[in-house]
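The sequence shown runs 191 to 569 under my numbering. Comments concern the structure below.
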Amino acid sequence: MNFKKLLITAAALLPALLSAQGQLPAVTAMPATMGKYAPTATEIGEVRSTESVPLTARVKGEIVKINFTEGEKVKAGTVLFEIDPREYEAALLSAQADLAKAKSEKDHANLEFKRHEELRESDVDSDAKFQQYKNQKAKADASYLAAEAAVKLAALNLEYTRIKAPFDGWVGLRDCSLHELVGPGTAKQQLATIEKSGGIKVDFSIAETDLITLQRNMEQNKLRVRDFPVKLLLQDGKPIDLTGSLKAWDNKIDTRTGTLKMQAVFDDPDRKLIPGLYVDVLLTLGPATDMIEIPSVAITEDIAGDYVYVLTKVEGNTATAERRYIKIASEQRKLLPDGTYTAVSFVKEGLKENELFITAGIQKVRNGARCQFRKGMDE
Numbered sequence: 191m192n193f194k195k196l197l198i199t200a201a202a203l204l205p206a207l208l209s210a211q212g213q214l215p216a217v218t219a220m221p222a223t224m225g226k227y228a229p230t231a232t233e234i235g236e237v238r239s240t241e242s243v244p245l246t247a248r249v250k251g252e253i254v255k256i257n258f259t260e261g262e263k264v265k266a267g268t269v270l271f272e273i274d275p276r277e278y279e280a281a282l283l284s285a286q287a288d289l290a291k292a293k294s295e296k297d298h299a300n301l302e303f304k305r306h307e308e309l310r311e312s313d314v315d316s317d318a319k320f321q322q323y324k325n326q327k328a329k330a331d332a333s334y335l336a337a338e339a340a341v342k343l344a345a346l347n348l349e350y351t352r353i354k355a356p357f358d359g360w361v362g363l364r365d366c367s368l369h370e371l372v373g374p375g376t377a378k379q380q381l382a383t384i385e386k387s388g389g390i391k392v393d394f395s396i397a398e399t400d401l402i403t404l405q406r407n408m409e410q411n412k413l414r415v416r417d418f419p420v421k422l423l424l425q426d427g428k429p430i431d432l433t434g435s436l437k438a439w440d441n442k443i444d445t446r447t448g449t450l451k452m453q454a455v456f457d458d459p460d461r462k463l464i465p466g467l468y469v470d471v472l473l474t475l476g477p478a479t480d481m482i483e484i485p486s487v488a489i490t491e492d493i494a495g496d497y498v499y500v501l502t503k504v505e506g507n508t509a510t511a512e513r514r515y516i517k518i519a520s521e522q523r524k525l526l527p528d529g530t531y532t533a534v535s536f537v538k539e540g541l542k543e544n545e546l547f548i549t550a551g552i553q554k555v556r557n558g559a560r561c562q563f564r565k566g567m568d569e
């Protein structure tokens with residue numbers, strides 16, 4: 191006989207032993223009370239940024255300045271990295287010179303074209319000669335457009351030497367060093383990553399049955415997707431002081447798991463959550479209704495189902511322990527005043543409001559036996 195069996199046997203014999211000694215087993219009991227039950231899905235989710243952008247070097251060159259501290263918050267437009275601009279400044283000057291030359295040639299070709307166009311109308315020029323100047327004008331116009339585009343490209347490349355924050359956010363650890371050669375054709379093109387500040391999103395999945403409950407409540411109560419509140423817990427069970435809402439869900443169910451991917455959004459200006467963190471997601475699936483709420487520790491299970499011990503035939507501080515089978519709607523986590531969570535169960539059948547039930551000392555009693563009790567909530 192192993193240790194577990196010994197404990198079970200001892201627990202079964204304890205009430206009879208106490209009775210034989212003339213002692214009533216002592217238990218703790220409390221009255222059943224109404225609570226607010228809302229169907230809730232509890233799932234594991236992953237924290238993600240609303241926007242996450244790699245900061246890349248789009249032109250080749252040496253990093254000459256790094257203007258931020260790793261991990262700090264920066265404003266949109268802040269210049270974070272500077273690549274040596276001299277080569278690109280020279281390229282822009284050269285392109286601007288080519289543009290000026292192309293403009294001069296274009297202006298000259300246009301004047302010549304207009305002059306010979308008038309001569310052609312006076313039958314002084316031949317068609318062949320007029321066509322020659324027309325072709326020269328088209329060529330000069332095209333050269334000017336090409337030179338103009340080259341200036342824009344050179345200016346853009348020069349702008350790319352200053353890598354800026356695309357939005358307010360948190361810059362991560364950089365992946366490059368001062369004076370390192372970076373950009374296309376080098377071993378280093380991504381320099382760091384920036385995560386947008388102000389809010390986060392959490393990806394998680396719910397079961398098909400929970401989706402049905404949610405959709406039914408949407409239809410019956412004329413609710414929108416964002417009307418369903420979402421709360422988060424850290425993996426150690428501590429609540430996170432953020433309340434978000436459901437944003438959207440995927441367009442198909444994963445047939446391998448029978449779940450649907452969803453996304454919730456939260457305002458998080460103080461960055462309480464970091465992308466990549468795993469959290470417990472508590473999604474409320476519908477409006478709250480009144481239902482008997484009891485601590486889950488008061489519930490025992492056997493082959494016939496879940497039950498509690500209800501105290502009947504109360505005389506003073508003694509009563510009869512009656513096994514009462516119950517039907518549970520849901521077990522949920524309840525936030526306590528001290529900021530921690532405890533497990534509670536909502537009973538839809540088998541227990542009435544104000545009925546006394548045992549919360550501690552369950553192992554000391556047997557069905558139909560007398561016991562002495564005090565009111566409270568011991569564990």
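Every residue, glycine too, gets a C-beta built ideally from N, C-alpha and C. What you are looking at is a predicted structure, and each value in this text was computed from that prediction instead of being measured.
Around the beta carbon of Gly448, fewer than 16 other beta carbons lie within 10 angstroms, which makes this residue exposed.
Under the 8 Å Cβ criterion, the region 483 to 496 does not count as touching the region 431 to 442, having fewer than three qualifying pairs. One Cα belongs to Ala285, the other to Ala340, and the distance between them is close to 6 Å.
Fewer than three pairs of CB atoms, one per stretch, sit closer than 8 Å, so the region 503 to 521 makes no contact with the region 442 to 458.
The beta-bridge partner set that DSSP reports for Gly235 consists of Val469. A direct Cα-to-Cα measurement between Thr399 and Glu262 gives close to 43 Å. Contact between Pro356 and Ala266 holds: CB atoms are separated by about 7 Å, below the 8 Å threshold.
The secondary-structure analysis by DSSP pairs Lys517 across a beta bridge with Glu539. Counting C-beta atoms within 10 angstroms of its own C-beta, Arg564 has fewer than 16 neighbours from the protein chains shown and is therefore classed as exposed. Contact between Ser294 and Pro465 fails: their C-beta atoms lie close to 55 Å from each other, not under 8 Å.
Taking the C-beta atoms as reference points, Val455 is found no nearer than 8 Å to Leu422.
A distance below 8 Å separates the beta carbons of Val498 and Leu541. By the neighbour-count definition (other C-beta atoms within 10 Å, threshold 16), Arg446 is an exposed residue. Around the beta-carbon of Ser367, fewer than 16 other beta-carbon atoms lie within 10 Å, marking it exposed. Setting aside the 5 residues that flank it on each side, Pro221 is surrounded in the same chain by Asn544 and Leu546, each with a C-beta closer than 6 Å to its C-beta; the list follows chain order.
DSSP, reduced to helix, strand and coil, places Leu424 outside both helices and strands of the structure shown, so it counts as coil. Less than 8 Å separates the beta-carbon of Val217 from that of Ile548.
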